[in-house]
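Below you'll find the structure, written out as structure tokens, and then a few comments.
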Amino acid sequence: MTFSSLAVQLINGLADASAMFLVAAGLSLIFGVTRIVNFAHGSFYMLGVFIAYTLVSLIGASGVGFWSAVLLSACAVALLGALVEITILRRIYRAPELFQLLATFAVVLVLKDAALYLWGPEDLFGPRAPGLAGSVELLGRRLPQYDLVLIVIGPVVLGLLWLLLNRTRWGTLIRAATQDREMAGALGINQSWLFTGVFALGCFLAGLGGALQGPRMPATLALDLETIGNAFVVVVVGGMGSIGGAFLAALLIAEIKALCVAFGQVSIAGVAVSLSKLTLVAEFLVMALILVLRPWGLLGKPQVANRVAGPPEAPLRPANTMQRRLGLAGLVLLLAAPLLAGSFPYLSVLLVEILIAVLFAASLHFIMGPGGMHSFGHAAYFGLGAYAAALVLTGLRLPMEIALIAGPLAGAFGALLFGWFCVRLSGVYLAMLTLAFAQIVWAIVFQWDEFTGGSNGLVGIWPSAWAASPTAFYYLALAFSVAGVLLLRRVLFAPFGYAMRAGRDSSLRAEAIGIDVKRVQWMAFIVAGLFCGMAGALFAFSKGSISPEAISVSRSVDGLVMVMLGGIQTLFGPVAGAAVFTWLQDVVARETDYWRALLGAVILALVLLFPAGIAGFSGKSSGRFSGRWRKNPGEVA
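In case it helps, my numbering puts the sequence shown at residues 167 to 803.
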């Protein structure tokens, strides 16, 4: 590696940092003021790329036309963001964070299919920026002119945001709401329109970041989820609500990735290590390190406790006679389901998918509901269980019975390792650390071709002869799923379960009476990882193969959606949510190409109309919860 090549890579890193900052700055503003974990922010970035492509085609690719199209695209995205905030998010500001996440995920689904309808599934390549299609020479290397312009745009936007926040009255209101939203409302600030304005500004920055990337990358439907993960990382590393922190974090992460590319393969103690492969996971390694050492980020501050108390969690109660009878009747129906195989040959396959999803969702609900710990990376334990079972079968040539033991143990071991770090955090910081660990696992699986098969995965994962038929495997999955749900339920009514809920409701009081809250939470992580690994092992045998998709962000988000759809306050919630979500996903996907939009509309309807979830909904609870959450955000209790 020469000095010139290193310098060029670092300069290219500055261009990437500028692009990352534009997206992350908007996300940081939105979270800092509204406390919304906006999962749809990547979708607004994606729309910025698509809208800019269309406007450049209409206006023309001349100098004025191109830059006008960029600004108009950002404005169009800002208007759309304001509409989403007014019609959807304003109704759920007082809902728990996870319900807000569920609503914004539904927006992701709707916007993705809207983009599919308007622009089609093909990648769209925009024209080069006029007058900036060439390159300049630096130290004997060629640098794109457009990248140099992007390097300048980032600091310019940072300076403009600083002036807005520090030299205008509106900026003062934003900073006040960022520091203490409830106190700002008590002083008479109209939070409704402040939130709308901030959300629109954040979407403007996301749209601007996307529009500026048109000459560098194609417009593709995958940009939404690809972008949101990186944006979350930058915001968390820099500090929630800190614009300067977002710029510093974007710069740090981009330059670390540039150094990995520049150094390529190095030798450490005689072992060849490919640093270039770390570019897939470098940002998550940085985030994990920052969260462990400084949870509030480089320039962030510890969050002020929310003064508005949420609705108290009702105590869990054992099932009454009627509920037991309904559960027994449901089990009888499941046992009899294979009898319908002649009329519905696909029924057993669909029910196996539902049963695996139920076990996956139940394990996630175990730590989210009674445990009070939010996880954005639960798919890590699912994937570890699936790959462990697959490797035991294909690599060690051991039977399925041993593989079904190895899978849960692998999931539990992963939770043992990651949970030790995670339980030292709380709220969104804990959730982001779980996401970081899941992405690290995904990167290892994706790139370890010799062991995991890399992006191709592993194939030939078939059940033993006695479980090879669809009916036999269905009963096997039913036995594991029912046993797993009942065991998790039994744990919750044991002393350990009461200790979990005590730590969730009041950690100080729990510590005062002698409960080691962190140890209890750590053990809860291990139990959840065990049953999640069991679901992963069953998944591998049901499909006959396993790929890195099993550990992807979308898998973790699916689990969150299942739990929230069913209702986090009830034990039956994850069962109902997983069944409904899997069934909807299967049925709607076979009926239309735009199944995501329909699924998103259903999720939004459930969030807005039945905030307690499917299983938790009742007339009394719905009236209490929805009435509390739908207060105008300017009205502070």
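C-beta: ideal position from N, C-alpha, C; glycine also.
Check your understanding: Exposed or buried, what is V741 when buried is set at 16 or more other beta-carbons lying within 10 Å of its beta-carbon?
Key -> Classification for V741: buried.
Point to revise | Proximity of G699 and G573 at Cβ, strictly below 8 Å | key: Cβ atoms of G699 and G573: closer than 8 Å.
Exercise for review: Find the nearest neighbour of W632 within the set L492, V236, I409, E567, judged by alpha-carbon distance.
Suggested key: Of the listed residues, the one whose Cα sits closest to W632 is E567.
Review point. Which residues in the same chain have their Cβ closer than 6 Å to the Cβ of D289, if we skip the five residues on either side of it in sequence?
Key: Within its own chain, the residues whose Cβ lies closer than 6 Å to the Cβ of D289, once the five positions on either side in sequence are excluded, are P384, T386, listed in chain order.
Exercise for review: Pick helix, strand or coil for F187, following the three-state DSSP scheme.
Suggested key: Of the three classes helix, strand and coil, the one that applies to F187 here is helix, per DSSP.
Check your understanding: Is it right to say P565 is buried, meaning 16 or more other beta carbons lie within 10 angstroms of its own, or is it exposed?
Key -> Exposed is the call here.
Exercise for review: Could you check how far apart the C-beta atoms of G663 and Q687 are, in whole angstroms? I think they sit under 8 Å.
Suggested key: Actually they do not touch by this definition, with Cβ atoms about 12 Å apart.
**Study point:** Expected contact under 8 Å - CB spacing of Q605 and F450 to nearest Å
**Key:** The distance from the Cβ of Q605 to that of F450 is about 4 Å, consistent with a contact at the 8 Å cut-off.
**Study point:** Range of the contiguous alpha helix (DSSP H) that encloses S209
**Key:** Counting along the chain, the alpha helix (DSSP H) containing S209 begins and ends at 207-225.
Point to revise | Given P714 as reference, the closest of A554, L582, L583 once Cα atoms are compared | key: Of the residues A554, L582, L583, the one whose Cα lies closest to the Cα of P714 is A554.
Review point. Who are the Cβ neighbours of L559 in its own chain at under 7 Å, not counting the five residues just before and after it?
Key: If we look at L559 and ignore the five residues flanking it on each side, its Cβ neighbours are M566, A569, I627.
Exercise for review: Check each candidate in A424, I571, A638 and name the one with the smallest Cα separation from L501.
Suggested key: Taking only the C-alpha atoms, the option nearest L501 is A638.
Practice item. Quick one: using the 10 Å Cβ neighbour count with 16 as the cut-off for buried, is P629 buried or exposed? Key: Taking all protein chains in view, the Cβ of P629 is crowded by 16 or more other Cβ atoms within 10 Å, so the residue is classified as buried.
Exercise for review: Kindly list the residues whose CB is nearer than 8 Å to the CB of L268, restricted to its own chain and excluding five residues on each side of it in sequence; keep chain order.
Suggested key: Closer than 8 Å at the Cβ level, and outside the excluded window around L268, lie L726, V727, M730, L731, I769, V773.
Point to revise | Exposure label - D682; buried when at least 16 CB within 10 Å | key: It is exposed - the Cβ of D682 has fewer than 16 other Cβ atoms within 10 Å.
Review point. Considering only residues of the region 321-359, which uninterrupted alpha helix (DSSP H) runs meet the minimum length of 4 residues and lie entirely inside it, listed in chain order?
Key: With a minimum length of 4 residues, the continuous alpha helix (DSSP H) runs that stay inside the region 321-359 are 335-345, 347-352.
**Study point:** Bridge partners - P310, DSSP secondary structure assignment
**Key:** S301.
Exercise for review: List the DSSP bridge partners of L290.
Suggested key: In the DSSP output, where bridge partners are listed per residue, L290 has A385.
Point to revise | Length of the line joining the Cα atoms of M186 and L517 | key: Our two residues, M186 and L517, have alpha carbons roughly 42 Å apart in a direct line.
**Study point:** Within the region 573-620, ranges of the beta strand (DSSP E) (whole runs, at least 3 residues)
**Key:** Qualifying beta strand (DSSP E) stretches: none in this window.
**Study point:** Cβ pair count under 8 Å reaching 3, the region 198-215 against the region 259-266
**Key:** Touching, yes, given that three or more Cβ pairs across the two stretches are closer than 8 Å.
Exercise for review: Could you name the residues of the same chain whose beta carbon sits closer than 8 Å to that of F398, not counting the 5 residues immediately before and after it, in chain order?
Suggested key: Around F398: L193, M598, L601.
Practice item. Have a look at S184 and A701 and give me their C-alpha separation to the nearest angstrom. Key: For the pair S184 and A701, the Cα-to-Cα distance works out to about 41 Å.
Practice item. State the DSSP-derived secondary structure class of Q489, mapped to helix, strand or coil. Key: Annotated three-state conformation of Q489 is helix, per DSSP.
**Study point:** CA-to-CA distance, R685 to E677, given in whole angstroms
**Key:** Rounded to the nearest angstrom, the two C-alpha atoms are 11 Å apart.
Exercise for review: Could you please give the first and the last residue of the uninterrupted alpha helix (DSSP H) stretch that includes R762?
Suggested key: Its alpha helix (DSSP H) spans residues 761-775.
Check your understanding: Three or more beta-carbon pairs under 8 Å between the region 331-345 and the region 173-182, yes or no?
Key -> No contact exists between the region 331-345 and the region 173-182.
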